[in-house]
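Protein sequences, first through last, are from chains Z and G. Mind the numbering: the first sequence is residues 0 to 811 in numbering that gives the first Met the number 0, read in order. Mind the numbering: the second sequence is residues 0 to 192 in numbering that gives the first Met the number 0, read in order.
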Amino acid sequence: MHSPEKKKALELLDNLRFDKYPLPEDRQKYIGKRDVRRLDGIEKASGLADYTMDVQVPGMLFMRFLTSPYPHAEIKGMDTTKAEALPGVRAVLRYDDPEVQLEEDLGGHGVSPRFPVPRVAHFQGEEVGVAIAADTEDIAEEALELVQVDWEQRPFVLDPHEALKPGAPLANPDDFPDGNLEEEFESGRGDVEKGFGESDVVLEFKSKRLQHTYISPERPCGVWRWNGEYPEVWLKQQRPHIVKRAVSSWFGGIPMNRIQLHILYQGASFGGWSQFGWNLAGHYCAAILARRTLRAVKWTFTRREDFYGGSMDEGVHQYKVGAKKDGTILAVKGETVYANPMWGGQGPTLHLEECTTIPHIYGKRSLALVNKGPNTAVRCEQLPNCHTLTLVFDHVAAELGLDPIEVALKNDGVHGHDMAWAKKEKKEMGFPETDSLRECIKKGKASIEWDKKHHQPGTKRLPNGRLHGLGFTWNHEWEDSAGSGEIAMRLERNDGTLNILGMRCDNGVNAETAYCQIAADEIGMKIEDVFYRPQVDPGFFTMTPDSSTNMSVNGFAVRHAARMLKEKVLDAVTSDRAVTQRGSYPPFFPDMTPDDLDIKDSVIYAKKDPSKKLTFAELVGPSGDEGPMAFYELYGTERTPFSEPLFTHSYHVQVGAYKGGIRPRFIRQAHFMEIEVCPDTGEITIVKVVNVNDVGKAINPMACEGQMYGGTYMGVGRAMWEEVVHDPVTGVMLNGNLLDYKIATIEDCGPIDTIVMESRLGFGPYGLTGIGEDVSTMIPALMGPAVYNAIGVWIDDYPITPERVLKALGKI
Amino acid sequence: MNKYLCPYCSTKFEAFEDLKAHALAEHTGEPAPLPEGMIRLTLNGDEYQIQVQPEWTLNYLIHDKLGLTSPKMFCDRGACGSCTVIMNGRSILSCMTLAIECDGNIVETAEGIADAGHPLVEAYVKHHCMQCGYCTPGFITTAKALLDKNPDPEEEEIREALGGNLCRCGTYPQHPKAILEAAEILAQGKGGK
């Protein structure tokens with residue numbers, strides 16, 4: 000059929016303006032409502048939700064890897080005789096096994112072939128040398144202890160700055176024999192030297208961020224079973240489509256259509272493990288051992304092994320900033336050395352380029368190889384950019400004695416243009432003219448009582464003896480960046496309920512419910528008639544939580560499919576149905592066109608005479624012994640109406656905003672933090688946090704708030720304690736457990752005010768933008784200005800521990 | 000040479016006939032003694048008699064052997080609260096408890112709490128106390144044990160009770176809301192099936 004809705008969907012691909020065809024507000028019965036029940040709620044609250052770690056397959060074996068005791072070492076020989084002889088050991092896969100001699104696609108951002116069982120360890124704790132499958136995890140563990148390895152230790156380097164000095168030990172001489180500088184990137188605009196020359200003040204400062212990591216509640220794991228020739232795979236992974244791509248390339252090629260994939264509920268990984276280039280090696284090895292043992296094989300990591308790598312903002316930053324006395328920033332030079340970032344890293348000055356008027360910017364990032372685990376996007380890759388923006392703005396305000404909010408508003412811009420330009424552009428692109436940052440700040444200031452509580456740095460001692468501090472930061476929202484995804488929909492026979500089809504990992508953000516809200520409102524169905532079980536692989540893959548994008552891509556894909564389905568339903572009920580050789584069935588609504596009809600609460604009705612109506616159940620008809628479309632012609636005289644199968648499929652592609660700045664960002668967020676610092680112990684107490692996030696349009700406001708308070712808690716841990724500590728002498732990680740690597744508990748943060756703004760300034764459907772990554776990425780650096788305001792001394796090295804506070808106060 | 004051991008009370012006898020006489024005289028009517036390694040457990044109201052290995056944790060028994068998957072392994076060593084179950088009215092860490100020491104104990108998991116229609120479960124759904132959901136059953140069991148002991152907790156008491164439960168998604172602010180709501184429903188006598 001001719002589909003105007005499909006035409007519109009195509010028109011909206013790679014949307015570069017405000018949503019051209021939003022749903023009228025009066026048709027939004029579920030979109031934006033707080034009381035829509037979570038699809039996953041009961042399963043998760045009652046403990047019935049299954050995760051990969053819970054999967055047990057009859058006869059399943061358990062596989063574990065050997066890990067390196069040294070930060071840099073080569074295996075010269077190995078004796079596995081004793082391990083193989085241990086009762087309960089079923090198979091051993093060594094690095095010199097003929098089946099692991101090829102570099103394979105084992106996941107990652109792009110294809111980056113690796114050896115499944117490495118021979119050389121480049122960090123302590125790296126899985127190397129051998130994998131053992133046994134009847135229990137304990138036996139596999141015991142067997143690993145019986146493996147005798149002839150290690151050749153190599154010199155190692157841990158600090159990225161040290162790694163770039165001449166004569167530093169080579170961190171990875173196998174792939175980078177000439178030095179530890181992997182790559183350098185430069186970006187910016189204007190001429191920073193000119194900018195510094197025109198400035199009233201020029202300041203320089205340094206900041207250091209140690210490695211911190213994701214902490215997946217569910218450890219990396221998976222199960223592989225061969226069903227005859229073809230695999231059935233369970234995997235904790237946030238990117239099912241990449242898993243299938245990789246698996247299909249293994250063992251001489253496995254056809255995509257014969258790989259059965261289960262991506263169950265995910266004990267969250269926040270990017271992290273899912274993005275490392277070696278993350279599917281467990282599966283690769285399990286597949287080999289499953290074939291050899293004729294058993295299913297489950298591989299698991301220990302808690303310590305989940306500390307495989309960390310976040311891409313580990314590094315040393317050097318800043319030089321020039322500004323006018325009134326707070327106008329003229330030039331920023333940011334040079335950073337990052338440790339082990341994957342896929343080129345991020346930052347440091349990208350956000351300054353994107354959302355300020357600063358005319359002269361120079362950013363340089365040098366990627367240094369060190370003998371620690373790899374660093375990747377951990378909620379999220381914009382951490383270095385947020386870090387830079389916060390520190391630059393707050394240092395300038397402090398240096399000039401200005402209110403940081405005034406400095407933010409003075410320099411807020413879009414790719415070097417001012418907000419007057421932005422206003423004109425918004426109008427041309429169909430957006431409202433709202434000044435997002437001003438609105439966010441107005442709300443946030445009121446909530447934190449900024450005007451009443453803000454004070455000169457280090458000047459407010461409370462009656463309890465502690466020092467009071469207030470911090471502020473801001474940024475644009477970036478979660479409508481890039482991605483693609485497919486969605487299909489089918490009306491079920493018998494009861495006419497709607498099934499949304501599309502595989503994605505559930506990562507807890509309740510996006511699945513939001514998709515149902517969109518589908519229900521767009522079609523006119525009751526929310527309880529719409530369902531989505533994202534773990535099933537129907538062959539359609541949605542945008543995963545990568546490239547900082549979910550709702551702006553999948554939301555569009557769902558909407559396109561829903562609108563096409565509605566169109567198809569209305570066409571079906573006004574057309575002759577089921578023309579068979581014995582005759583045809585008349586339309587449900589004879590002599591009407593689709594325009595004469597509408598759908599509300601899962602009932603199709605005539606606009607002029609709502610008594611003429613049809614339920615979805617009546618439309619689809621029952622299934623019966625004649626098959627899924629019953630017609631009762633065989634024996635009886637009754638002719639039960641039936642309709643054609645009602646199925647639609649659509650997709651969305653968003654090319655991206657990072658590349659070349661093709662989409663100006665108009666949408667903002669602002670965050671405030673009130674703290675107390677104990678001058679005797681250095682302890683920081685977080686009294687209150689205010690998050691103001693302009694999400695454009697909230698489909699599920701409670702889910703948005705969940706990302707705000709949830710991100711705040713993650714950010715608080717990052718700001719105050721989270722750092723992976725390596726012993727400088729041995730290169731051994733010292734705190735790879737949750738007793739010594741502390742994340743925030745319920746008692747570690749005061750009240751969090753979550754203010755959701757809805758300016759319709761996003762590029763997603765209905766003017767939305769995503770929110771999942773923003774807050775946990777913004778909050779860490781916010782602690783710096785808050786502590787400065789409390790104690791009057793800058794601490795630019797993170798995390799800001801009591802020890803660093805006491806040092807800053809000159810007490811130790 | 001004391002070669003016969005009474006299976007009920009471990010008294011030693013030289014002759015089998017003496018043991019038999021002793022058993023009839025002293026232990027008639029007592030339930031049959033359990034073989035070594037066998038424990039009796041009441042789990043979510045159901046009686047179990049199970050042979051366990053000495054090194055099995057209660058978590059391994061419940062999660063891996065009995066297939067009730069709500070007590071989750073997160074930290075591996077008693078640092079996160081995700082494996083919390085209620086044993087004899089107290090919330091305990093099932094990863095730090097040996098199964099063999101649990102003979103005669105009464106254990107509740109999130110599955111049992113949900114099955115009993117406890118209002119906590121619905122309140123948790125309503126207030127979005129879960130994101131990825133992996134740690135949620137540990138919170139439910141901790142909260143239920145709190146309400147059993149203290150049916151009218153202050154918010155500060157709730158925060159303190161949940162202080163040992165880690166949630167990486169940071170759902171923390173929602174839990175006191177849900178628990179206070181469940182407490183209110185229970186106070187009105189409306190909870191349960």
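For every residue, glycine included, the Cβ atom is placed at its ideal position computed from N, Cα and C. The structure presented is a predicted model; accordingly, all values stated were derived computationally and were not measured.
Tell whether a beta-carbon distance below 8 angstroms holds between residue i and residue j.
i                      : j                      : result
residue 572 of chain Z : residue 588 of chain Z : yes
residue 649 of chain Z : residue 522 of chain Z : no
residue 163 of chain Z : residue 367 of chain Z : yes
residue 92 of chain Z  : residue 276 of chain Z : no
residue 194 of chain Z : residue 321 of chain Z : yes
residue 378 of chain Z : residue 4 of chain Z   : no
residue 770 of chain Z : residue 786 of chain Z : no
residue 280 of chain Z : residue 296 of chain Z : no
residue 1 of chain G   : residue 110 of chain G : no
residue 375 of chain Z : residue 274 of chain Z : yes
residue 305 of chain Z : residue 382 of chain Z : no
residue 654 of chain Z : residue 18 of chain Z  : no
residue 499 of chain Z : residue 535 of chain Z : no
residue 41 of chain G  : residue 105 of chain G : yes
Check residue i in the structure and name its three-state DSSP category.
i                      : result
residue 257 of chain Z : helix
residue 192 of chain Z : helix
residue 574 of chain Z : coil
residue 198 of chain Z : coil
residue 727 of chain Z : coil
residue 92 of chain Z  : strand
residue 332 of chain Z : strand
residue 658 of chain Z : With a pLDDT of 48 at residue 658 of chain Z, under the threshold of 50, the predicted position of this residue should be treated as unreliable, though the coordinate-derived value follows. Reduced to three states, the DSSP call for residue 658 of chain Z is coil.
residue 361 of chain Z : strand
residue 690 of chain Z : strand
residue 892 of chain Z : In the structure displayed, chain Z extends from 0 to 811; residue 892 of chain Z sits before or after that span and is not available.
residue 247 of chain Z : helix
residue 748 of chain Z : coil
Is it the case that the CB of residue i approaches a heavy atom of the ligand SAM more closely than 7 angstroms?
i                      : result
residue 430 of chain Z : Questions concerning the ligand SAM fall outside what the structure shown contains, since it holds no ligand whatsoever.
Since I believe residue j is in contact with residue i (beta carbons under 8 angstroms), could you give me their beta-carbon distance rounded to a whole number of angstroms?
i                      : j                      : result
residue 170 of chain Z : residue 155 of chain Z : 7 angstroms
residue 326 of chain Z : residue 409 of chain Z : 5 angstroms
residue 737 of chain Z : residue 302 of chain Z : 7 angstroms
What do you get for residue i, buried or exposed, if any count of 16 or more other CB atoms within 10 angstroms of its CB means buried?
i                      : result
residue 140 of chain G : buried
residue 100 of chain G : exposed
residue 433 of chain Z : buried
residue 493 of chain Z : exposed
residue 1 of chain Z   : exposed
residue 728 of chain Z : exposed
residue 458 of chain Z : exposed
residue 565 of chain Z : buried
residue 610 of chain Z : exposed
residue 360 of chain Z : buried
residue 16 of chain Z  : exposed
residue 260 of chain Z : buried
residue 134 of chain G : buried
residue 116 of chain G : exposed
residue 559 of chain Z : buried
Opposite residue i in the DSSP bridges: which residues?
i                      : result
residue 377 of chain Z : Z:270
residue 205 of chain Z : Z:317
residue 413 of chain Z : Z:416
residue 580 of chain Z : None; residue 580 of chain Z has no bridge partner.
residue 24 of chain G  : DSSP output for residue 24 of chain G lists no bridge partner at all.
residue 148 of chain Z : Z:77
residue 794 of chain Z : None; residue 794 of chain Z has no bridge partner.
residue 105 of chain G : G:41
residue 71 of chain Z  : Note: residue 71 of chain Z sits in no beta bridge, so no partner.
Using a Cβ-Cβ cut-off of 8 angstroms, state whether residue i counts as contacting chain A.
i                    : result
residue 7 of chain G : In summary, chain A is missing from the structure at hand, where the protein chains are Z and G.
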